[in-house]
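Take a look at the structure set out below.
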DNA sequence: ATGTCC
């Protein structure tokens, strides 16, 4: 069985591509991106996911797909509890709730701001804890972790770290619907407690960016995004607490598999039927860790506002630093979708994929009703990031891409250039970089990633989302 | 992604 190209933007992996597929695989990609996905065997993972019990429609992959734990990163899978559908922690990933937040400013990138970029990067860098391990800006006691996991953004607000409106402009109005902190292990809580308000490492970043192209004038106007203005983008997740929650529940579910008569081609696809108590337990832990991630990005936003206020000697309010939107790309959600002409409640796993609701959806903040849900797509370090709006495509369970997607292994990337060389190269392009570890910086080089422009254009072509604005980095704070 | 192996 060979992959079949359906149209300019979709490839189909027919049932039978690997043994035991219940539905076909659909990869949203042009020729070049599809070849990359075949090369790193992520396409095989898309087919493996199609063997999950109760999967409906197709096993999907966004154009930024690459190899991941069991499921590909960039994968979307919907399972139907009424058809013994399953939940698989590998379909969400280790960084539960990881996501991106875009904050605008009313500052134009002109004479007032340009000379201050060095001071700005330094000031933000001093206020944003980062790197592997490490303490956060708002460390709490393990006993307070339950509150963070229940309240998400509002926990940070209760500690003075933000504005009331910030919750409204965060997906799920600042907190996932069904967090169960009791499903998190003590170890998970102990790891998470000191880390609230920290960036992390790897591809996580805080960037100072400039809006350098508007492609959808009306949507940009609604989001108060203007060409030439400075923005702040925060890409971070649930740190150690989500990682530990995933580890714990994978282990538990893997142990349950023997007694469940579920046959999957890869042990990393460990899963349980949604009606099994272990599913509710995992979903409760996932929502809890997801809320920690939201609170984390909120605290980081507050740190960035403080830094801007200190440098420009005006309040963050005077600088117009409102949240445009905050969206996660590692979550599973129970959602209603039209499947073969019938509305069904399904569990949509998105791992390195972003929900992309269309105009008129009740979950959107009122001002965005007419444009659809904002989708924030981080580029690789030194390359463009994008602001999109969703189109609620029935081809993708209302999902779109999440970023550039890795194209080269970390090991490979480190061989090409040292962190020091890379920093110099970026600064030659006018991009200031604050890093914590040179080695980690080298792993995140732009050449280790796919082209974010190609990715978002593919999603637009396939009708999943629409590009509103392009943002280019001028200052990068990395873990 | 991650106290990059309890």
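Numbering (our numbering), first residue to last: 15 to 493. Every residue, glycine too, gets a C-beta built ideally from N, C-alpha and C. Model, not experiment: these values are computed from the prediction.
Going by Cα to Cα distance, which pick from the options is closest to residue i?
i: residue 100; options: 23, 221, 289 and 160; result: 289
i: residue 475; options: 16, 24 and 18; result: 24
i: residue 336; options: 367, 239 and 98; result: 239
i: residue 66; options: 397, 491, 234 and 277; result: 277
i: residue 38; options: 441, 244, 72 and 155; result: 72
i: residue 196; options: 180, 158 and 228; result: 158
i: residue 173; options: 317, 435, 401 and 376; result: 317
i: residue 29; options: 61, 441 and 41; result: 61
i: residue 391; options: 442, 334, 467 and 374; result: 467
i: residue 258; options: 200, 442, 471 and 449; result: 200
i: residue 483; options: 389, 363, 460 and 374; result: 389
i: residue 433; options: 64, 453 and 233; result: 453
i: residue 486; options: 32, 425, 431 and 401; result: 401
i: residue 340; options: 183, 175 and 140; result: 183
i: residue 279; options: 20, 27, 63 and 40; result: 63
i: residue 255; options: 226, 102, 303 and 246; result: 303
i: residue 147; options: 491, 450 and 264; result: 450
i: residue 85; options: 58, 110, 98 and 97; result: 58
Inspect the beta-carbon positions of residue i and residue j and report whether they are closer than 9 Å.
i: residue 77; j: residue 56; result: no
i: residue 168; j: residue 189; result: yes
i: residue 301; j: residue 192; result: yes
i: residue 68; j: residue 282; result: no
i: residue 70; j: residue 17; result: no
i: residue 464; j: residue 398; result: no
i: residue 285; j: residue 107; result: no
i: residue 458; j: residue 411; result: no
i: residue 299; j: residue 262; result: yes
i: residue 403; j: residue 230; result: yes
i: residue 95; j: residue 360; result: yes
i: residue 80; j: residue 409; result: no
i: residue 220; j: residue 20; result: no
Per the DSSP calculation, residue i is bridged to which residue(s)?
i: residue 39; result: 27 and 73
i: residue 480; result: 403
i: residue 219; result: 249 and 492
i: residue 87; result: 80
i: residue 342; result: 113
i: residue 351; result: 358
i: residue 224; result: 244 and 486
i: residue 121; result: According to DSSP, which records beta bridges pairwise, residue 121 is partnered with nothing at all.
i: residue 363; result: 91 and 346
i: residue 448; result: 491
i: residue 184; result: 340
i: residue 369; result: 413
i: residue 18; result: 26
i: residue 388; result: 403
Among the residues of its own chain, which have a CB less than 8 Å from the CB of residue i, if the five just before and after it don't count?
i: residue 143; result: 149, 150, 151, 211, 212 and 213
i: residue 526; result: Residue coverage of the chain in this structure runs from 15 to 493, which leaves residue 526 outside it and unanswerable.
i: residue 155; result: 207
i: residue 178; result: 171
i: residue 424; result: 457 and 462
Please work out which residues of its chain come closer than 7 Å, Cβ to Cβ, to residue i, disregarding the five sequence neighbours upstream and downstream, and give them in chain order.
i: residue 127; result: 121 and 244
i: residue 137; result: 321, 324 and 325
i: residue 405; result: 370, 372, 386, 477, 478, 479 and 480
i: residue 181; result: 167, 168, 171, 187 and 188
i: residue 427; result: 456, 457, 459 and 462
i: residue 270; result: 286 and 292
Who are the near neighbours of residue i in its chain, counting only those whose CB is closer than 6 Å to its CB and skipping five residues on each side?
i: residue 407; result: 477 and 478
i: residue 439; result: none
i: residue 473; result: 414, 415 and 479
i: residue 429; result: none
i: residue 218; result: 249, 250 and 493
i: residue 393; result: 399, 418 and 466
i: residue 237; result: 338
i: residue 305; result: 163, 166, 189, 190 and 193
i: residue 82; result: none
i: residue 295; result: 197
i: residue 334; result: 119 and 120
i: residue 34; result: 65
i: residue 160; result: 195
i: residue 97; result: 68
i: residue 109; result: 251, 256 and 344
Quick one: any contact between the stretch 204-217 and the stretch 377-387, if contact means 3 or more CB pairs under 8 Å? Touching, no, given that fewer than three Cβ pairs across the two stretches are closer than 8 Å.
Touch test, the stretch 114-125 against the stretch 87-99, Cβ-Cβ under 8 Å, three pairs minimum: In the pairwise beta carbon analysis, the stretch 114-125 is classified as not touching the stretch 87-99: fewer than three pairs are separated by under 8 Å.
At a cut of 8 Å, does the stretch 333-351 reach the stretch 365-380 through at least three beta carbon pairs? The stretch 333-351 makes contact with the stretch 365-380: 3 or more CB pairs, one atom from each, lie closer than 8 Å.
Do three or more CB pairs link the stretch 309-318 to the stretch 245-252 at distances below 8 Å? A contact exists between the stretch 309-318 and the stretch 245-252.
Spell out a yes or no on whether the stretch 407-415 and the stretch 64-76 are touching, meaning 3 or more CB-CB pairs, one atom from each, closer than 8 Å. As far as the Cβ criterion goes, the stretch 407-415 touches the stretch 64-76, which means the pair count is three or higher.
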